[in-house]
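Number of protein chains: 2
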Amino acid sequence: MSKPTVPSQLDTTILAETFRLLGDSTRLRILFFCLESPRSVGDIAASLDLSQSLVSHHLRLLRGARLVRGNRQAKQIFYELADKHVSDMLVDMAHHVCEESGEE
Amino acid sequence: MSKPTVPSQLDTTILAETFRLLGDSTRLRILFFCLESPRSVGDIAASLDLSQSLVSHHLRLLRGARLVRGNRQAKQIFYELADKHVSDMLVDMAHHVCEESGEE
DNA sequence: CATACATATGAACAAGTATCGATATGTTCG
DNA sequence: CGAACATATCGATACTTGTTCATATGTATG
Numbered sequence: 001m002s003k004p005t006v007p008s009q010l011d012t013t014i015l016a017e018t019f020r021l022l023g024d025s026t027r028l029r030i031l032f033f034c035l036e037s038p039r040s041v042g043d044i045a046a047s048l049d050l051s052q053s054l055v056s057h058h059l060r061l062l063r064g065a066r067l068v069r070g071n072r073q074a075k076q077i078f079y080e081l082a083d084k085h086v087s088d089m090l091v092d093m094a095h096h097v098c099e100e101s102g103e104e
Numbered sequence: 001m002s003k004p005t006v007p008s009q010l011d012t013t014i015l016a017e018t019f020r021l022l023g024d025s026t027r028l029r030i031l032f033f034c035l036e037s038p039r040s041v042g043d044i045a046a047s048l049d050l051s052q053s054l055v056s057h058h059l060r061l062l063r064g065a066r067l068v069r070g071n072r073q074a075k076q077i078f079y080e081l082a083d084k085h086v087s088d089m090l091v092d093m094a095h096h097v098c099e100e101s102g103e104e
């Protein structure tokens with residue numbers, strides 16, 4: 001278990017798919033915005049200054065990859081990160097990038 | 001420092017750029033291959049069944065983002081991950097994806 | 001039921017990019 | 001220096017994808 005470093009080609013594909021979804025600043029902003037607390041689609045669009053349609057499109061992709069999850073509350077649907085896994089990952093990566101400078 | 005969860009829009013862009021580079025299975029395969037030990041371009045191309053040109057292109061991108069680093073040794077150039085930061089990140093993400101199933 | 005509101009979907013377009021083939025740069029050795 | 005090898009760059013192409021506009025689905029309220 002000390003050397004599972006090289007994933008199979010299949011795993012690599014899956015990993016890449018996840019990374020690809022995270023590799024768009026609009027989607028990242030949505031994710032980080034929903035990281036604090038569940039947010040409705042309209043709230044996301046307004047707060048991040050994005051069209052409602054665009055937000056919905058992105059949420060669809062994020063939902064498909066099980067990165068977010070939404071539950072309906074009357075007319076609105078509130079989205080939040082799918083699980084602690086995902087949120088931890090995001091926070092970790094944010095830290096990685098913040099510490100990026102002054103390495104060696 | 002307990003709630004740096006939401007990065008600035010600028011940071012988000014930088015983060016996304018990094019993710020975008022990781023969001024390609026060919027590049028990921030190259031990275032994981034170089035994770036074990038430094039590899040020459042030709043070795044990467046042969047082992048991963050990719051054209052030399054393609055490998056070089058991807059290495060250029062990865063180099064530009066300081067994800068890999070190469071040092072020349074006679075005719076060959078051996079590439080390795082830029083620092084422990086990057087390699088840790090990759091390994092972590094690989095684990096995340098492996099544990100992906102059987103969550104709830 | 002009809003109206004208003006919130007979200008989702010579909011078509012279409014522009015921009016980005018992964019890949020390939022050919023060629024150039026650079027390095028070693030005779 | 002010139003030949004051989006390793007890597008990098010350039011041009012072109014096919015494909016993916018982020019975004020917008022218009023419209024559909026779904027949900028609550030008078």
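Just so you know, the sequences run in chain order A and B.
Position 17 of the first sequence, counted from 1, bears residue number 17 in the UniProt record's numbering, the numbering being contiguous throughout.
Position 16 of the second sequence, counted from 1, bears residue number 16 in the UniProt record's numbering, the numbering being contiguous throughout.
Positions of the beta carbon are idealized from the N, C-alpha and C atoms, including for glycine.
Check: Please decide whether G23(A) counts as near chain B, where near means a Cβ-Cβ distance under 9 angstroms.; Outcome: yes
Check: Can you give me the C-alpha to C-alpha distance between L31(B) and V68(B), rounded to a whole angstrom?; Outcome: 8 angstroms
Check: Does the distance from the C-beta atom of E17(B) to that of G23(A) stay below 9 angstroms?; Outcome: yes
Check: For P7(A), collect the residues of the same chain with a Cβ closer than 8 angstroms to its Cβ; drop the 5 residues on either side in sequence, then sort them by chain order.; Outcome: L15
Check: By the three-class DSSP mapping on this structure, what secondary structure does V68(B) have?; Outcome: strand
Check: Starting from L81(A), trace the beta strand (DSSP E) in both directions and tell me its first and last residue.; Outcome: Q76 to L81
Check: Give the DSSP-derived three-state secondary structure of S47(B) in the structure shown.; Outcome: helix
Check: If you draw a straight line from the alpha carbon of D11(B) to that of H96(A), how long is it in whole angstroms?; Outcome: 11 angstroms
Check: Pick from L28(A), R27(A), R29(A) and C34(A): whose alpha carbon is nearest that of F78(A)?; Outcome: C34(A)
Check: Just the C-alpha distance for E36(A) and R60(B), rounded to the nearest angstrom, thanks.; Outcome: 36 angstroms
Check: Is the Cβ-Cβ distance between R29(A) and F19(B) less than 9 angstroms?; Outcome: no
Check: Taking only three categories from DSSP, how would you classify F19(B)?; Outcome: helix
Check: Can you list the residues of chain B that V97(A) reaches, using a CB-CB cut of under 9 angstroms?; Outcome: P7, D11, I14, L15 and T18
Check: Where does S87(A) fall in DSSP's three states?; Outcome: helix
Check: Between the beta-carbon of S40(A) and the beta-carbon of Q76(A), is there less than 9 angstroms?; Outcome: yes
Check: Less than 8 angstroms between the CB atoms is what I'm expecting for L62(B) and R27(B), so what's the real figure, rounded?; Outcome: 6 angstroms
Check: Please work out which residues of its chain come closer than 8 angstroms, Cβ to Cβ, to S56(A), disregarding the five sequence neighbours upstream and downstream, and give them in chain order.; Outcome: V41
Check: If the cut is a Cβ gap below 8 angstroms, which residues of chain A does R29(B) touch?; Outcome: Q9 and T12
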